[in-house]
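Take the sequence shown: its letter number 28 is residue 28 in the UniProt record's numbering, and every next letter is one higher.
What follows is one structure encoded as C-alpha cells, with my remarks underneath.
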Amino acid sequence: MSRTRLDDAGLAHDLRLAVMRFSRRLRYQRVDSSVTLTHLAALSTLKRHGAMSPGELAGHERVQPPSMTRVVVALEGMGLVTRSPHPTDGRQVVIDLTPAAEELLGAEARAREAWLTDVLAALTAEERAVLREAAVILDELASG
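Listed below in C-alpha cells is the structure:
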C-alpha cells in the first residue's frame, strides 16, 4: 500500500471519529428533550423538502413506512404536524409542519448555534479560518 493511501486511511479514520464526536456533542445542545432525535430528523426533513406523504418521508429518512407512521402519530399528538388529504390520491395523506414545529426547529437551531458560537470564540483567528475552509470541503463531501 502506498504512503499516500496509508495517510488517506489514517485521515479517514481520524476524520470519522472527530465528525462523530462533534456531531454527538452538537446534538446534545437541546431545547426540548421530550422530542426525540428521530422526531427532529423527520421535522427537519419536512422543513427542508416541504409537505409530503408518510411514505415519502420514510424514504427520505431511510426507515420503513410502519416506523414512520409511528413517528408521525407521535408528532401529530404533540401538535407538531398536521395531516391533510392528498390532492391527487384519496388513499394518501400529506404531512406538514405546524407553527409549533417551526418554532421548535428554530429554537433547536438557535441553541446549537449559540453553543457553537461560544466554542468558536475560544479559537484563534487562524483556527477559525481553517474551519471555514473545512466546512466548505465537508459540505462538498456530503453532497458527493
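Cβ atoms here follow ideal geometry from the backbone N, Cα and C, with glycine treated the same way.
For Asp96, the enclosing beta strand (DSSP E) starts and ends at Val93 to Leu97. Assignment of Val63 by DSSP, reduced to helix, strand and coil, places it in the coil class. Counted as a single uninterrupted DSSP element, the alpha helix (DSSP H) harbouring Arg48 occupies residues Leu37 to His49. Out of Ala18, Val71, Arg110 and Leu17, the CA that lies nearest to the CA of Ala41 is found in Val71. If the five residues before and after Leu37 are omitted, its C-beta is found closer than 8 Å to the C-beta atoms of Arg27, all from its own chain and listed in chain order.
Comparing alpha carbon positions, the residue from Glu76, Arg132 and Pro54 closest to Pro66 is Pro54.
CA-CA distance, Ala9 to Glu126, rounds to 26 Å.
Only exposed fits Met20, as fewer than 16 other CB atoms lie within 10 angstroms of its CB. A direct Cα-Cα distance of roughly 30 Å separates Leu43 from Arg128. With contacts defined by Cβ atoms closer than 8 Å, Arg30 and Glu108 form a contacting pair. For Ser23, the secondary structure class from DSSP, reduced to helix, strand or coil, is helix.
Taking Glu76 as reference, the option from His39, Trp115, Asp139 and Leu141 with the minimal CA-CA separation is His39. Bounds of any alpha helix (DSSP H) do not take in Val81; it lies within the beta strand (DSSP E) bounded by Val81 to Pro85.
Cβ-Cβ separation between Leu97 and Leu46: approximately 5 Å, consistent with a contact (criterion under 8 Å).
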